[in-house]
């Protein structure tokens, strides 16, 4: 049975989630810039920028996905920990 | 897709509509995060679409078309023509006795028609003061970021023939 002082405070979970969301927002802004640059380059007849842009965009999507799982996991952990505390 | 879902003892409705008021902050943040990640997926799909279009793009083929005859225009004179399609307006300039250059007449900024300024010896866009070099179509000044597409000319006998668009 864990001690109540070991439980992560809910505000810490909220801070972690907000931090992850900020990172996702930054990655999203970079992705939007990357897409607009790749599109402009493509329309200008330049074809060799499309593949590197897609690779970096994919990596950023995977990073966003990882951060989402982190948010999901943190959300579950904080709320279930709080519920266990209430049960006691 | 079961592996994508987290393992929770709580029913889904309880996760999404928590009975605790304080949990709303978590639920709304998680839902916004999900929306942001889906937007990120959309950006990635957009990049993939560009890659596919790049791979499927065929090399352009240009027709050969007589645009003028030698001596038809004086030195420093211009002639307007269309190439390769009828809606692609171009400008032919005679820069010397036997020297000709031709460029697309569409400004690379916002598609206004450029004209030849003989006193400044350059192509000028009247809309936003974008200036292009007469030598290679490069941007000299103004908001355009790309040079004017150049029409490749061939001289066959007395005829000037447009054979390709570069840039």
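Residue numbers (the working numbering), protein chains in the order written: chain A, -6 to 81; chain B, 118 to 284.
Think of the CB as a built atom: it goes at the ideal place given N, C-alpha and C, for glycine as much as any other residue.
- Task: Answer with yes or no whether the minimum CB distance from residue 44 (chain A) to chain B is below 8 Å.
- Result: yes
- Message: Do residue 27 (chain A) and residue 106 (chain A) count as a contact pair if the criterion is CB distance below 8 Å?
- Response: Limits of chain A in this structure are -6 at one end and 81 at the other, which puts residue 106 (chain A) out of reach.
- Query: Taking Cβ positions only, does residue 89 (chain A) come closer than 8 Å to chain B?
  - Reply: Nothing can be reported for residue 89 (chain A), as the shown portion of chain A is limited to -6 through 81.
- Message: For a quick check, are the C-beta atoms of residue 279 (chain B) and residue 219 (chain B) less than 8 Å apart?
- Response: A contact, by the Cβ cut-off of 8 Å.
- Message: Quick check on DSSP: helix, strand or coil for residue 190 (chain B)?
- Response: Coil.
- Message: Which of the three DSSP states is assigned to residue 152 (chain B) in this structure?
- Response: In the structure shown, residue 152 (chain B) sits in a helix (DSSP, three-state: H, G or I).
- Query: Is the CB-CB distance between residue 170 (chain B) and residue 54 (chain A) below 8 Å?
  - Reply: No, these two residues do not count as a Cβ contact at 8 Å.
- Exposure label - residue 282 (chain B); buried when at least 16 CB within 10 Å: buried
- Close-in-space but distant-in-sequence residues of the same chain around residue 44 (chain A) (CB under 7 Å, 5 per side omitted): none
- With a CB to CB cut of under 7 Å and the five nearest residues on each side skipped, what residues in its chain are close to residue 20 (chain A)? 53, 56 and 57
- Could you tell me which chain B residues have their CB closer than 9 Å to the CB of residue 12 (chain A), listed as they occur along the chain? Going along chain B, no residue has its Cβ under 9 Å from residue 12 (chain A), so there is no contact; the nearest lies around 11 Å.
- Quick one: give me the first and last residue of the beta strand (DSSP E) that residue 221 (chain B) is part of. 217 to 221
- Query: Would you say residue 265 (chain B) and residue 249 (chain B) are within 8 Å of each other, going by their C-beta atoms?
  - Reply: yes
- Message: Let me see if you follow: with CB-CB separation under 8 Å, is residue 267 (chain B) close to chain A or not?
- Response: So, not an interface residue.
- Task: Could you tell me the distance, in whole angstroms, from the CA atom of residue 159 (chain B) to the CA atom of residue 236 (chain B)?
- Result: Between residue 159 (chain B) and residue 236 (chain B), the C-alpha separation is close to 51 Å.
- Message: Rounded to whole angstroms, what is the Cα-Cα separation between residue 188 (chain B) and residue 275 (chain B)?
- Response: 9 Å
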